[in-house]
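Student:
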Amino acid sequence: MANIKKGDLVKIEFTARTAIDGTVIETTDEEIAKKNNIWSKDNKYGPKLIIAQSGFMLVGLEEALAELEVGQEKEFKINYEKAFGPRKKELVRVMSLKDFEKQKIKPTKGMLLNIENAFATVKSVNSGRVVVDFNHPLAGQDLIYKLKLVELITEPKEKCYALAKEFDAKISTTSENGKIIVNVESIDKNKKNSFELALKISFQDLVEVKYK
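For the sequence shown, the working numbering assigns the number 1 to the initial residue and increments by one for each residue that follows.
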């Protein structure tokens, strides 16, 4: 098994499907996405770069990843409790249709809405009432993941450059008093905060970002 530590970078490939009927719900493979009608122009396909043990993966997926060697691919079943959790009855609410009409929203079954800063799915609309479900759409479902550990990046400078590539940043690095100094030469201003956050999550307090 690969020795993956908190803050390491991993590149993974995966295809996830529901255990109950095999519906593909997410994949890093563009061809599989197209075949299963889940392709999106907004998605970037190919190996996905993730900061390990930092809350960016499902608990069950993180545990599965720890069982792999670099280059190994394996299929895992992830229990719903380590995926999107159980379905909770208290997260299903009945609302008045008038509340939606006031906001000029015409709810229909299956519609995804942002209500009070939380996403909810419309389950039914009838007799002036709207049933909305604040559970995650995959709550209560076991999942099957075909997972491959493509690369494990642990060396500090390599981590910096891998994250820089992810955020389209041009950088150089030095070290000073045990810290990695990341000198940013150019980066899209809309990606600046996310890049800094990723560095800090990966390195904790052992990184400093400077701009030219």
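Built from N, CA and C at the ideal position, the CB exists for glycine as well.
Since this is a predicted model, take the numbers as computed values, not measurements.
Quick one: complete beta strand (DSSP E) runs, 3+ long, within the stretch 61 to 108?
Tutor: 73 to 78 and 92 to 96, all fully within the stretch 61 to 108.
Student: Taking all protein chains shown into account, do 16 or more other C-beta atoms lie within 10 angstroms of the C-beta of Y211, making it buried, or fewer, making it exposed?
Tutor: Exposed.
Student: Can the beta-carbon of K77 be found closer than 8 Å to that of D142?
Tutor: Closer than 8 Å, so yes.
Student: So, at 6 Å on beta carbons, what are the nonlocal neighbours of N43 in its own chain, with the 5 sequence-adjacent residues on each side left out?
Tutor: Here the set comprises nothing.
Student: Tell me which residue opens and which closes the alpha helix (DSSP H) that Y161 is part of.
Tutor: Per DSSP, Y161 belongs to the alpha helix (DSSP H) from P156 to E166.
Student: So, with DSSP's three-state summary, where would you put F195?
Tutor: Of the three classes helix, strand and coil, the one that applies to F195 here is helix, per DSSP.
Student: How long is the line joining the alpha carbons of I12 and K191, rounded to whole angstroms?
Tutor: Approximately 22 Å, taken between the alpha carbons.
Student: Tell me which residues share the same chain as K82 and place their Cβ nearer than 6 Å to its Cβ, disregarding the 5 neighbours each side in the sequence.
Tutor: Closer than 6 Å at Cβ, skipping near neighbours: V59 and G60.
Student: Quick one: residues in its chain with C-beta nearer than 7 Å to the C-beta of A2, no 5 flanking neighbours on either side, listed in chain order?
Tutor: Within the same chain, A2 has close Cβ partners L68, E69, V70, L149 and L152.
Student: Note down, in chain order, each residue of its chain lying with its Cβ closer than 8 Å to the Cβ of F100, except the 5 sequence neighbours on either side.
Tutor: So the qualifying residues of the chain are K106, P107 and V130.
Student: Considering only the beta carbon of each residue, do N135 and R87 sit closer than 8 Å?
Tutor: Going by C-beta atoms, N135 is nearer than 8 Å to R87.
Student: Return the chain-ordered list of same chain residues with a C-beta closer than 8 Å to the C-beta of I4, the five sequence neighbours on each side being excluded.
Tutor: Closer than 8 Å at the Cβ level, and outside the excluded window around I4, lie V10, A52, Q53, L65, A66 and L152.
Student: Under a three-way DSSP split, which group does E31 fall into?
Tutor: It is helical.
Student: Taking the straight line between their C-alpha atoms, what separation do you get for A16 and N177?
Tutor: If you take the alpha carbons of A16 and N177, they lie about 43 Å apart.
Student: Which of the three DSSP states, helix, strand or coil, is assigned to F203?
Tutor: Helix at F203.
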